[in-house]
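Participant: Mapping of the sequence shown onto UniProt numbering: position 290 corresponds to residue 290, and the numbering continues sequentially without gaps.
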Amino acid sequence: MNRQDRGDRVIMRRPRIVIVGAGFAGYSAARKLSRLARGAADIVLLNPTDYFLYLPLLPEVATGVLEPRRISVSLPATLPGVRLVLGEATGIELDRKWVAYADPEGGSGELGYDRLVLAAGSVNKLLPIPGVAEHAHGFRGIPEALYLRDHVTRQIELADSADDPAQRQARCTFVVVGAGYTGTEVAAHGALFTDDLVERHPGLRDQPVRWLLLDLADRVLPDLDERLSTTASRVLRQRGVDVRTGTSVREATPDGVHLSDGTHVPTRTLVWCVGVRPDPLVADLGLATNHGRLVVDEYLTVPGHPDVYACGDAAAVPDLTRPGEITAMTAQHATRQGRLAARNIAASYNQGVRRTYRHHDLGFVVDLGGPQAAADPLGVPLGGPLAKAVTAGYHLLAMPGNRVRTAADWLLNAVLPRHTVQLGLVRAPAVPLDTATPELPRTP
Ligand SMILES: Cc1cc2nc3c(=O)[nH]c(=O)nc-3n(C[C@H](O)[C@H](O)[C@H](O)COP(=O)(O)OP(=O)(O)OC[C@H]3O[C@@H](n4cnc5c(N)ncnc54)[C@H](O)[C@@H]3O)c2cc1C
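1) Compute the minimum distance between the beta carbon of residue 312 and the heavy atoms of ligand 1, and state whether it is under 7 Å.
2) Based on Cα-Cα distance, which residue from 150, 110, 123 and 117 lies nearest to residue 419?
3) Taking the continuous beta strand (DSSP E) assigned at residue 52, which residues delimit it?
4) Can we say the stretch 324-342 touches the stretch 366-380, given the rule of at least three CB pairs closer than 8 Å?
5) Going by beta-carbon coordinates alone, are residue 198 and residue 209 separated by less than 8 Å?
6) Between residue 24 and residue 335, is the Cβ-Cβ spacing less than 8 Å?
7) By Cβ distance below 7 Å, which residues in the same chain neighbour residue 352 in space, the five residues on each side in sequence not counted?
8) Kindly confirm or deny that the stretch 112-130 and the stretch 308-321 touch, where touching means at least three C-beta pairs closer than 8 Å.
9) If you compare alpha carbons, which of 411, 111 and 82 is closest to residue 91?
10) At which residues does the beta strand (DSSP E) containing residue 264 begin and terminate?
11) Using only the heavy atoms of ligand 1, determine whether one of them is closer than 7 Å to the beta carbon of residue 47.
12) Checking 8 Å against the spacing of the C-beta atoms, do residue 293 and residue 315 come in under that value?
13) Identify the residues that DSSP records as bridge partners of residue 383: which are they?
14) So is the beta-carbon of residue 301 under 7 Å away from any non-hydrogen atom of ligand 1?
15) Identify every run of the beta strand (DSSP E) within the stretch 84-137, keeping only runs that are complete inside it and at least 3 residues long; order them along the chain.
16) Quick check: the Cα distance between residue 30 and residue 331, rounded to an integer number of angstroms?
17) Using DSSP with H/G/I as helix, E/B as strand and the rest coil, what is residue 179?
18) Grab me the residues of residue 450's own chain with a C-beta within less than 8 Å of its C-beta, minus the 5 sequence neighbours each way, in chain order.
19) Can you check DSSP and say which residues form a bridge with residue 278?
20) Hey, how far is the Cα of residue 441 from the Cα of residue 429?
21) Can you give me the start and stop residues for the alpha helix (DSSP H) that residue 333 sits inside?
22) Helix, strand or coil, according to DSSP, for residue 290 in the structure here?
23) If we require 3 or more residues per run, which beta strand (DSSP E) segments fall completely within the stretch 148-207?
24) Using DSSP with H/G/I as helix, E/B as strand and the rest coil, what is residue 269?
25) Pick from 394, 349, 224 and 320: whose alpha carbon is nearest that of residue 447?
26) Shorter than 7 Å, the distance from the beta carbon of residue 399 to the closest heavy atom of ligand 1, or not?
27) Straight-line CA distance for residue 433 to residue 201?
28) Tell me the DSSP secondary structure of residue 366 in three-state form.
29) Just the C-alpha distance for residue 66 and residue 99, rounded to the nearest angstrom, thanks.
30) Does residue 497 come out as helix, strand or coil in the three-state DSSP assignment?
31) Got a sec, what are the start and stop residues for the beta strand (DSSP E) residue 309 sits in?
32) Could you tell me the alpha carbon to alpha carbon distance between residue 439 and residue 338, rounded to whole angstroms?
33) For the beta strand (DSSP E) holding residue 250, just list the boundary residues, first then last.
34) Can you list the alpha helix (DSSP H) stretches of 4 or more residues lying completely in the stretch 35-80, in chain order?
35) Roughly how many whole angstroms lie between the Cα atoms of residue 426 and residue 63?
36) Would you give the residue range spanned by the beta strand (DSSP E) that residue 421 belongs to?
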């Protein structure tokens, strides 16, 4: 409790803990804190949306396997004891201990804090390649996934009605840049998606549909175990995906892309999955960063600011299992770091002892669509339906809500044809690549 003297009255105020961002790190911190505090603290969660987004299943939303609400878990419904403030942090005054924010309807406000958790995550990474900012689309939020789902559907529909063979071919060509888990999953799911779409368009029976997956690295999934890479490459090859390693985009135009191997690929679709960079909020703080991520110590506190904690993609957390390195940007790390930030905040109020962050990877799962996946739980490499079962089970366990609905969608999808209409609600200008808020569509 904080003590405030007002004349001869002494008012005891509950400490206020403000968490910025309700992704893997912020959500886990809020949940853990609400359990530890049991009403003794005012826990405030500031986030632009009222849901936690389970990002690993975003490729399934983009390819019509899951509806977007399945992977959007309600914050008010699943975080009792936590107050949601709908808005986006626009500035932080560390000396005055204030967070300024803008709400979704143009209003603004300020939140004072006793402890602050910065968990604003990351946004699409940009590279200075001509035309990319104008013609590519990222893959970081629901608006981009909905855009891609509609866009791909529309390309197939327009190709069917086009008389010009060159235009048909361009519309039936899809280029994904970045063969990390996001790009690999988008291309693998995407190829199955367009197979289903083309089946419903007899006019395209003899029309080749191409998916290209590009990466400068010499293999797909370059950051994961080589055995996962081999499994994923085999599945992509079987689906006809043209994987080009050691290759990137030199220039993007409205009609296609010029590649670094000298070829020109006519296309109307360029999906940018080259990675992410920390949320711009971090850079604006004027504090030390490492690879753009906010420097924290092994207790997740910001040096010189013992009341400020940072975790997840936004934070450069020392990896005590690999001295000299920082932890990777993964959901696994973000979730565990969020929980530890909560524990260490409780310890700062004499509840428990603060601990350092130390976590060994427990393996990775990559869903490749249909009955295929690549996984290495506890270091054991798996492929095919067994990996798929492990992957689905892992996601259902890791999701903080909507599990039954998600599993039901998967079951229905296994026996019913894919739903393939485009609603056209999210258009290209609403999802620019260069945005600090991929979770919200841009309004004119
Ligand atoms: C398509 C995709 C698939 C992925 N698949 C996997 C996977 O299979 N396995 C894995 O381990 N990792 C995966 N990742 C990476 C993983 O999702 C991230 O490492 C993880 O989300 C990081 O958690 P976080 O809490 O730091 O950030 P996020 O989960 O991104 O959450 C950040 C939150 O902060 C909010 N926010 C941003 N700016 C502000 C602001 N100014 N004010 C208030 N709130 C703000 C955002 O709206 C968001 O809710 C994937 C990522 C993507 C994009």
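From the three backbone atoms N, C-alpha and C, an ideal C-beta is built for every residue, glycine too. The structure presented is a predicted model; accordingly, all values stated were derived computationally and were not measured.
Facilitator: On the basis of the data shown:
1) Numbered from its first residue, the sequence shown carries residue 312 at position 312. At least one heavy atom of ligand 1 is nearer than 7 Å to the Cβ of residue 312, so yes.
2) Indexing the sequence shown from 1 puts residue 419 at position 419. Among 150, 110, 123 and 117, the Cα nearest to that of residue 419 belongs to 150.
3) Position 52 of the sequence shown holds residue 52. First-last of the beta strand (DSSP E) with residue 52: 51-53.
4) no
5) As a first step, residue 198 is located in the sequence shown; it is residue number 198 there, counting from the start. As a first step, residue 209 is located in the sequence shown; it is residue number 209 there, counting from the start. When the beta-carbon positions are compared, residue 198 and residue 209 come within less than 8 Å of each other.
6) One-based indexing of the sequence shown puts residue 24 at position 24. One-based indexing of the sequence shown puts residue 335 at position 335. Yes, the pair counts as a contact, with Cβ atoms nearer than the cut-off.
7) In the sequence shown, counting from the first residue as 1, residue 352 sits at position 352. So the qualifying residues of the chain are 343 and 346.
8) yes
9) By one-based count along the sequence shown, residue 91 stands at place 91. Put simply, of 411, 111 and 82 the residue whose alpha carbon is nearest the alpha carbon of residue 91 is 111.
10) Numbered from 1 along the sequence shown, position 264 holds the residue referred to as residue 264. It spans 264-266 - the beta strand (DSSP E) in which residue 264 sits, taken as one unbroken run.
11) Sequence index remark: in the sequence shown, residue 47 carries index 47 (1-based). The answer is yes for residue 47.
12) Start at 1 with the first residue of the sequence shown, and residue 293 comes out as number 293. Start at 1 with the first residue of the sequence shown, and residue 315 comes out as number 315. Taking 8 Å as the Cβ cut-off, residue 293 and residue 315 qualify as a contacting pair.
13) Within the sequence shown, residue 383 is the residue found at index 383, counting from 1. Paired residue(s): 374.
14) Counted from its first residue, the sequence shown places residue 301 at position 301. The closest heavy atom of ligand 1 lies 7 Å or more from the beta carbon of residue 301.
15) 88-93, 98-102, 108-112, 115-118 and 122-124
16) Taking the sequence shown and counting its residues from 1, one reaches residue 30 at position 30. Taking the sequence shown and counting its residues from 1, one reaches residue 331 at position 331. So the two alpha carbons sit approximately 16 Å from each other.
17) As a first step, residue 179 is located in the sequence shown; it is residue number 179 there, counting from the start. It is coil, neither helix nor strand.
18) With the chain running from 1 to 444 in the structure shown, residue 450 is simply not present.
19) As a working mapping, residue 278 is identified with position 278 in the sequence shown. The partner list for residue 278 (beta bridge, DSSP) reads 122.
20) Translated into positions along the sequence shown, residue 441 becomes position 441. Translated into positions along the sequence shown, residue 429 becomes position 429. Their Cα atoms are separated by approximately 9 Å.
21) By one-based count along the sequence shown, residue 333 stands at place 333. It spans 331-348 - the alpha helix (DSSP H) in which residue 333 sits, taken as one unbroken run.
22) As a first step, residue 290 must be located in the sequence shown, where it is residue number 290. In this structure, DSSP gives residue 290 an extended state, which the three-state scheme calls strand.
23) 173-177
24) Taking the first residue of the sequence shown as 1, we reach residue 269 at position 269. Three-state result, residue 269: strand.
25) Any property of residue 447 remains undetermined from this structure, which presents the chain solely from 1 to 444.
26) Taking the first residue of the sequence shown as position 1, residue 399 is located at position 399. Checking the Cβ of residue 399 against ligand 1 gives no.
27) Sequence index remark: in the sequence shown, residue 433 carries index 433 (1-based). Sequence index remark: in the sequence shown, residue 201 carries index 201 (1-based). Roughly 31 Å between the two C-alpha positions.
28) As a first step, residue 366 is located in the sequence shown; it is residue number 366 there, counting from the start. The answer is strand: DSSP assigns residue 366 an E or B state.
29) Within the sequence shown, numbered from 1, the residue matching residue 66 stands at position 66. Within the sequence shown, numbered from 1, the residue matching residue 99 stands at position 99. Between residue 66 and residue 99, the C-alpha separation is close to 36 Å.
30) Here the chain covers residues 1 to 444 and nothing more, so residue 497 does not appear.
31) Position 309 of the sequence shown, counting from 1, holds the residue named residue 309. Residue range 305-310 is occupied by the beta strand (DSSP E) that includes residue 309.
32) Along the sequence shown, read from residue 1 onward, the residue named residue 439 stands at position 439. Along the sequence shown, read from residue 1 onward, the residue named residue 338 stands at position 338. Each residue's Cα considered, the two are about 20 Å apart.
33) Here residue 250 is taken as the residue at index 250 of the sequence shown, counted from 1. Per DSSP, the continuous beta strand (DSSP E) segment holding residue 250 begins and ends at 249-253.
34) 58-62 and 75-78
35) The sequence position of residue 426 within the sequence shown is 426, counting from 1. The sequence position of residue 63 within the sequence shown is 63, counting from 1. Going by the C-alpha atoms only, they are around 15 Å apart.
36) Counted from its first residue, the sequence shown places residue 421 at position 421. No beta strand (DSSP E) holds residue 421; DSSP gives it neither H nor E.
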